[in-house]
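Participant:
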Amino acid sequence: MKMARFFSSGKRKKAKPPPKKARPKVATVFDCPFCGNSESCSVKMDYEHSQGIISCDQCGTSHESRITRLSEAIDVYAEWIDMCEDVNTNGGARVAAREAEEDLEDDF
């Protein structure tokens, strides 16, 4: 009589790893705070010159800000919105102070 093989080589089967979750994507096209058109502002990130430029395709307004390698398009847009709110509420006092501070940093 032959013995039937009921067992494999003694190793357990490995469980499949869970599927990787998709990383949420950050927007690169935004709404314009001046003309109100949706998805008309695009951001260009120039990491070589440490400059982020956002401009509206409809009304032509633009904003430039300093960026780092860790900055993303949403950071440039958020800074633009913050600057617009500051100008509307405080007459641009914070913006002028920030620009003066950046000029002092450039001198060193």
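Here the working numbering is used: the first residue of the sequence shown is 963, the next is one more, and so on. Backbone N, C-alpha and C define an ideal beta-carbon position, used for all residues, glycine too. Remember, it's a predicted structure, so these values are computed and weren't measured experimentally.
With a threshold of 8 Å, are at least 3 pairs of Cβ atoms found where one atom belongs to the region 1034 to 1044 and the other to the region 984 to 995?
Facilitator: Output reads yes: the region 984 to 995 touches the region 1034 to 1044.
Participant: So what does DSSP say about residue 1008, is it helix, strand or coil?
Facilitator: Strand, per DSSP.
Participant: What first and last residue would you give for the alpha helix (DSSP H) that runs through residue 1015?
Facilitator: Per DSSP, residue 1015 belongs to no alpha helix (DSSP H); it is in the beta strand (DSSP E), 1013 to 1018.
Participant: Would you mind reading off the limits of the alpha helix (DSSP H) that contains residue 1047?
Facilitator: Residues 1035 to 1052.
Participant: With three or more beta-carbon pairs closer than 8 Å as the criterion, would you say the region 1013 to 1030 touches the region 977 to 985?
Facilitator: no
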